[in-house]
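K.L.:
Numbering (the numbering used here), first residue to last: 671 to 900.
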Ligand code: BG6
Ligand code: MG
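#1: Taking the straight line between their C-alpha atoms, what separation do you get for residue 677 and residue 838?
#2: How would you label residue 872, buried or exposed, when you count the other beta carbons within 10 angstroms and need 16 or more for buried?
#3: By DSSP, does residue 738 sit in helix, in strand, or in coil?
#4: Assuming residue 725 is part of the alpha helix (DSSP H), what are its boundary residues?
#5: Mapping DSSP to helix, strand and coil, what is residue 679?
#6: Work out the CA separation of residue 773 and residue 921 for me, nearest whole Å.
#7: Do the CB positions of residue 845 and residue 811 come within less than 8 Å of each other?
#8: Nearest to residue 725 by CA position, among 737, 747, 841, is which residue?
#9: How about residue 769 and residue 878: are their beta carbons less than 8 Å apart?
#10: If you follow the alpha helix (DSSP H) that residue 800 is in, where does it begin and where does it stop?
#11: From the DSSP output, in three-state form, read off residue 709 for me.
#12: Taking all protein chains shown into account, decide if residue 691 is buried (16 or more other Cβ within 10 angstroms of its Cβ) or exposed.
#13: Using alpha carbons as the reference points, say which of 842, 759, 800 lies closest to residue 889.
#14: From the DSSP secondary-structure annotation, give me the bridge partner or partners of residue 808.
#15: Residue 722 and residue 818 look like a contact to me (Cβ under 8 Å); what is the Cβ gap, rounded to whole Å?
#16: Cβ-heavy atom distance between residue 855 and the ligand BG6 below 7 Å?
#17: Are at least three pairs of beta-carbons, each pair with one atom in the segment 848-857 and one in the segment 751-767, less than 8 Å apart?
#18: Identify which residue in 732, 788, 765 has its Cα closest to the Cα of residue 820.
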């Protein structure tokens, strides 16, 4: 078999890749930071994309030089989540990012497995609300993992569930921490966003509407060191 035909699965991050929720997470963290008198910019937020709720809260407190007990941190997380949930209540297919469903359908048609590798504990709710849950062969989210990205745990659990080797799986991520996690796990990485931000990814596109099976197959060759035009 030709090396370029070996892609066996794609594991997608959720927030900011499949659904337009990254801005809602940022808005809720920004509100929490403000309530604590901490300035928190969009640039700061890049460090939090892909990071678990509790680790994100710890990061913001550290930025502000504020010390809280574990109980207080849990309360702040619950407050942030309540604000976040207010913004996603009533969510439907319209929150899917361009190209999402077309790509999922195409992968399914070509027999390429589909996994979810998200840090979010709200992932199941979002997949159900947007009606894409049925496409996934494996689902790993914030309720399953013990370590936050950039640890590769979430993607390695996904590969294990799919019973596949990370070298045959493309991870699609919009976060610096997520790309780092996938690279540590030995996966092929496709960044969604800006190449100036996701500098370590094997390749970056601005959205899933620019991604198709041919690009994913060629990406594997790029990850193996070949110079292929993507
Ligand atoms: C990630 C987001 O997908 O999930 C982060 O990029 C978020 O911004 C994290 O903090 C945890 O999400 P949740 O829904 O469990 O608070
Ligand atoms: Mg994300």
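Note that beta-carbon positions come from the ideal geometry of N, C-alpha and C, so glycine has one too.
P.N.:
For this structure:
#1: Distance between the alpha carbons of residue 677 and residue 838 is about 5 Å.
#2: Here residue 872 is buried: its Cβ has 16 or more other Cβ atoms, across all protein chains shown, within 10 Å.
#3: Coil at residue 738, not helix or strand.
#4: First-last of the alpha helix (DSSP H) with residue 725: 723-733.
#5: Correct three-state label for residue 679: strand.
#6: No answer is possible for residue 921: it lies beyond the span of the chain, which begins at 671 and ends at 900.
#7: In this structure, residue 811 does not lie closer than 8 Å to residue 845 by Cβ.
#8: Residue 725 has its Cα closest to that of 747, out of 737, 747, 841.
#9: Closer than 8 Å, so yes.
#10: Here the alpha helix (DSSP H) through residue 800 covers 793-800.
#11: When secondary structure is reduced to three states using DSSP, residue 709 falls in the coil class, being assigned neither helix nor strand.
#12: Buried is the call here.
#13: If you compare the alpha carbons of 842, 759, 800 with that of residue 889, the shortest gap goes to 842.
#14: According to DSSP, residue 808 bridges with 785.
#15: Confirmed, about 4 Å.
#16: No, since every heavy atom of the ligand BG6 falls outside the 7 Å radius drawn around the Cβ of residue 855.
#17: As far as the Cβ criterion goes, the segment 848-857 does not touch the segment 751-767, which means the pair count is below three.
#18: Nearest of 732, 788, 765 to residue 820, Cα basis: 788.
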